[in-house]
Amino acid sequence: DQQVKQNSPSLSVQEGRISILNCDYTNSMFDYFLWYKKYPAEGPTFLISISSIKDKNEDGRFTVFLNKSAKHLSLHIVPSQPGDSAVYFCAASANNNDMRFGAGTRLTVKP
Amino acid sequence: KAGVTQTPRYLIKTRGQQVTLSCSPISGHRSVSWYQQTPGQGLQFLFEYFSETQRNKGNFPGRFSGRQFSNSRSEMNVSTLELGDSALYLCASSWRGSHTGELFFGEGSRLTVL
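Same order as they appear, the protein sequences are chains P and V. Going by the working numbering, the first sequence opens with residue 170, and the numbers climb by one from there. Going by the working numbering, the second sequence opens with residue -11, and the numbers climb by one from there.
Written as structure tokens, this is what we have:
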């Protein structure tokens, strides 16, 4: 039961360009959404989050957009840097329930 | 501030055996969640413990179990191992609960079942 879906297993972009990672969800009860980044041999680390009462949250080069009607969120990285190369997981939770993760998207930023 | 510590980091077992994995959360964190990561499946939620009580449980068979001690350290156990149990098992801690905000993950325990 994949309630959080990341349909693109991989994405490759040129350094300096924009990276857009997408995530769809099916559970309309989700009210909190997060993105995590994972490097090889390390655990995922929190990147950015957004509450369902907002449609955008920005933190430096990272911006998350939420479209509740489409049950879709996206992570924009501008400008992309080689150090951003990692696996990005989208996650969502509903009140008092556990956090559900997508399958991840592997981002490669080429110099 | 020490991070989340998982032991062992790597282990190899054979089918039918059982395994116990350990997780020490960040000091002060009362919630510990366990996830299974396999290629193409992302992070699958196993269960969450909060103040020694199981708060939530994912869709895994009863062979997967866990517990949490009074010092918030947690263990998960997998009995009668199957080849498909080979995965990276990640533990994450948080202060108030996994649903409330960011999780702090350990580096994981990589289990190989032969």
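All C-beta atoms in this analysis are idealised placements derived from N, C-alpha and C, irrespective of residue type, glycine included.
Comparing alpha carbon positions, the residue from V:G28, V:Y23 and V:L31 closest to S62 (chain V) is V:Y23.
For L91 (chain V), the three-state secondary structure derived from DSSP is coil. Restricted to the segment 181 to 261 of chain P, the beta strand (DSSP E) segments that are unbroken, complete and at least 3 residues in length are 188 to 194, 201 to 207, 214 to 220, 225 to 228, 231 to 236 and 241 to 246, listed in chain order. Within chain P, the residues placing a beta-carbon under 8 angstroms from that of Q29 (chain V) are A272, ordered along the chain. Among the CB atoms of chain V, one or more fall inside 9 angstroms of the CB of R269 (chain P). At a cut-off of 9 angstroms between C-beta atoms, E90 (chain V) counts as an interface residue with respect to chain P. Burial state of K206 (chain P) is buried, judged by a 10 Å Cβ sphere holding 16 or more other Cβ atoms. From the listed residues V:Q5, V:F57 and V:D73, the smallest Cα separation to C11 (chain V) is found for V:F57. By the rule that beta-carbons nearer than 9 angstroms mark a contact, P280 (chain P) does not touch chain V.
A distance below 9 angstroms separates the beta carbons of R98 (chain V) and A75 (chain V). In this structure, P:V233 is the residue among P:G212, P:V233 and P:T277 with its C-alpha nearest to the C-alpha of Y201 (chain P). Taking all protein chains in view, the Cβ of L102 (chain V) is surrounded by fewer than 16 other Cβ atoms within 10 Å, so the residue is classified as exposed. In the three-state scheme derived from DSSP, where H, G and I count as helix and E and B as strand, G(-9) (chain V) is classed as coil. Using beta-carbon distances, Q175 (chain P) counts as an interface residue toward chain V, with a partner under 9 angstroms.
With respect to the C-alpha of G30 (chain V), the residue from P:A239, P:S254, P:I217 and P:N176 having the closest C-alpha is P:N176. Below the 9 angstroms Cβ cutoff, chain P contributes A210, E211 and G212 as neighbours of E95 (chain V), in chain order.
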